[in-house]
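Asker: Attaching a single structure in structure tokens format; questions to follow.
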Amino acid sequence: MSGEANGLHIDLEGALDADHIGDVGVPASAELLAFTNAVELGRGDIDQTRAALAAAIGAEATTEAAAIIAIFNGLVRVADGTGIQLDDGVFTASITDRESLDINRFAGAANSADLQPAPTMPTAVHQLFG
Amino acid sequence: MSSIDEAQRSATEAIASPGDWLTGAQRIAAWRETRAADTNELDQERRRALSPNAVSGSHAGTAELSAPAMEVVHRTASDPGRLTRSWAAEQIAAIGEETYTELIGVTAIVTVIDRFQRAMGRPELPLPTPAAGEPTQVRPDDVGDIGAWVSQTVGPTAANVSRTLSLVPVTNQAWRQLVDTHYSHGAEFMNMQWDFPLSRPQAELVATRSTALNECFY
Chain A
0 MSGEANGLHI DLEGALDADH IGDVGVPASA ELLAFTNAVE LGRGDIDQTR AALAAAIGAE
60 ATTEAAAIIA IFNGLVRVAD GTGIQLDDGV FTASITDRES LDINRFAGAA NSADLQPAPT
120 MPTAVHQLFG
Chain B
0 MSSIDEAQRS ATEAIASPGD WLTGAQRIAA WRETRAADTN ELDQERRRAL SPNAVSGSHA
60 GTAELSAPAM EVVHRTASDP GRLTRSWAAE QIAAIGEETY TELIGVTAIV TVIDRFQRAM
120 GRPELPLPTP AAGEPTQVRP DDVGDIGAWV SQTVGPTAAN VSRTLSLVPV TNQAWRQLVD
180 THYSHGAEFM NMQWDFPLSR PQAELVATRS TALNECFY
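Chains as they are written, first to last, in numbering that gives the first Met the number 0: chain A, 0 to 129; chain B, 0 to 217.
Right, here's the structure in full:
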């Protein structure tokens with residue numbers, strides 16, 4: 000959503016592919032993805048990737064990236080730990096993307112298994128913006 | 000001190016204080032166990048297994064946390080993407096949905112604190128000394144079944160994720176303050192072209208990769 004609002008064409012598949020470190024259509028994609036992977040996967044390259052990211056986007060933005068990684072490690076735990084369902088609008092708008100990006104394979108998909116698409120809603124996120 | 004550091008300091012203080020149904024000592028014990036999950040043999044064996052249910056074994060209770068409470072903290076800390084409704088129902092039957100929800104919240108909050116320190120290349124914070132006092136033991140009146148595993152605020156909301164911990168208001172307050180300072184920035188959340196050092200698309204890219212690596216469907 001924010002990509003389209005900013006005139007960017009984002010490679011969602013690349014963003015979701017854990018093995019992909021490269022340009023996905025967002026400025027400094029490669030550095031952002033390398034840093035995120037480093038923190039999440041614990042392979043010992045956090046300092047190196049953080050320095051590379053700071054060189055690309057600055058120290059303040061790098062601190063914000065670290066905060067985003069941190070908070071999403073909390074968000075996944077409250078979402079998965081309390082078993083929330085997808086919100087109705089998101090469920091319907093993301094049908095196509097969830098299938099094409101293979102997100103339905105995640106265990107948490109079971110929590111939204113009984114939701115039904117709203118008949119008048121778009122079935123792909125990009126359709127929300129005309 | 001940046002707003003992020005200040006929020007982390009405030010959350011640390013909140014965790015050390017009595018919560019909704021847990022004492023400060025129990026909440027700090029949950030923080031200790033969250034850290035232990037990184038290297039705990041049972042947790043790591045479950046993570047490597049095709050299904051966590053294929054691995055036998057259990058976490059023993061401690062002076063502060065019962066065995067089911069230990070299970071909630073360790074599984075939520077180490078393998079959140081593969082939690083199931085039946086697993087949660089088993090733990091809730093043993094400790095109650097309020098305590099279950101508070102443990103989920105505490106585990107999430109301390110994970111945020113520790114993960115930020117790690118990302119910034121800083122050493123782990125020393126565990127704070129628990130504050131004395133009793134939990135509030137208040138169950139809100141406006142919670143009910145909205146399709147999640149635990150009761151949450153009923154009625155319209157911006158997003159289901161914003162009411163995950165509404166059953167435990169003390170813990171929820173600390174949690175939402177972290178979310179606001181680390182990501183959503185209050186009313187700016189609706190602005191797809193916000194004016195922060197990390198642009199909105201850059202923030203969403205990091206969020207997307209992080210949630211994918213954690214196999215979070217929501």
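Glycine included, every Cβ here is placed at the ideal spot set by N, Cα and C.
Please classify residue 180 (chain B): does DSSP put it in a helix, a strand, or coil?
Answerer: Here residue 180 (chain B) sits in helix by DSSP.
Asker: Work out the CA separation of residue 206 (chain B) and residue 10 (chain A) for me, nearest whole Å.
Answerer: Cα to Cα, the separation comes out at about 14 Å.
Asker: How is residue 80 (chain B) classed by DSSP in three states: helix, strand or coil?
Answerer: Residue 80 (chain B): helix per DSSP, three-state reduction.
Asker: Take residue 66 (chain A) and list the residues in its own chain whose beta-carbon comes closer than 8 Å to its own, dropping the five residues that flank it on each side.
Answerer: Nothing meets the Cβ criterion.
Asker: Starting from residue 35 (chain B), follow the alpha helix (DSSP H) in both directions and report where the run begins and ends.
Answerer: Where residue 35 (chain B) is concerned, the enclosing alpha helix (DSSP H) stretches over 23-35.
Asker: Measure from the C-beta of residue 3 (chain B) to each C-beta in chain A and report whether the shortest distance is under 9 Å.
Answerer: With 9 Å as the cut-off, residue 3 (chain B) counts as an interface residue toward chain A.
Asker: Pull out every residue of the segment 133-158 of chain B whose Cβ sits closer than 9 Å to any Cβ of chain A, in chain order.
Answerer: So the close ones are 145, 146, 147, 148, 149, 151, 156, 157, 158.
Asker: According to DSSP, is residue 153 (chain B) part of a helix, a strand, or is it coil?
Answerer: Looking at residue 153 (chain B) - three-state DSSP - the assignment turns out to be coil, as it is neither helix nor strand.
Asker: Residue 17 (chain A): beta carbon under 8 Å from a heavy atom of the ligand MG?
Answerer: In terms of ligand content, the structure shown is empty, and the ligand MG therefore cannot be addressed.
Asker: Assuming residue 68 (chain A) and residue 114 (chain B) are in contact, meaning their beta carbons sit under 8 Å apart, how far apart are those beta carbons, in whole angstroms?
Answerer: That belief holds up - the Cβ atoms of residue 68 (chain A) and residue 114 (chain B) are roughly 6 Å apart, short of 8 Å.
Asker: What's the call for residue 137 (chain B), buried or exposed, on a 16-neighbour Cβ count within 10 Å?
Answerer: Classification of residue 137 (chain B): exposed, given that the 10 Å Cβ count is below 16.
Asker: What are the boundary residues of the alpha helix (DSSP H) that residue 40 (chain B) is part of?
Answerer: Looking at the DSSP string, the run of the alpha helix (DSSP H) that includes residue 40 (chain B) is 40-47.
Asker: Locate the alpha helix (DSSP H) running through residue 109 (chain B), then write down its first and last residues.
Answerer: Start and end: 96-118.
Asker: I'd like to check one pair, residue 105 (chain B) with residue 72 (chain B): are the Cβ atoms closer than 9 Å?
Answerer: Closer than 9 Å, so yes.
Asker: Since residue 71 (chain A) is in the alpha helix (DSSP H), which residue starts that stretch and which ends it?
Answerer: Residue 71 (chain A) -> alpha helix (DSSP H) spans 58-81.
Asker: Whose CA, out of B:48, B:47, B:35, lies closest to the CA of residue 58 (chain B)?
Answerer: Per the Cα distances, B:35.
Asker: Any beta carbon of chain B sitting closer than 9 Å to that of residue 46 (chain A)?
Answerer: True, the Cβ-Cβ gap to chain B drops below 9 Å.
Asker: Grab me the residues of residue 45 (chain A)'s own chain with a C-beta within less than 8 Å of its C-beta, minus the 5 sequence neighbours each way, in chain order.
Answerer: Once the five neighbours on either side are set aside, the close Cβ partners of residue 45 (chain A) are 34, 37, 38.
Asker: From the beta carbon of residue 125 (chain A), is the nearest beta carbon of chain B less than 9 Å away?
Answerer: Below a pLDDT of 50, predicted positions are generally treated as unreliable, and residue 125 (chain A), at 45, falls in that range; the measurement from the model is reported next regardless. No, residue 125 (chain A) does not count as interfacial toward chain B.
Asker: Name the two residues that bound the continuous alpha helix (DSSP H) containing residue 28 (chain A).
Answerer: Run containing residue 28 (chain A): 28-40, per the alpha helix (DSSP H) assignment.
Asker: Taking 9 Å as the CB-CB limit, is residue 69 (chain B) close to chain A?
Answerer: No - not a single Cβ of chain A is within 9 Å of the one on residue 69 (chain B).
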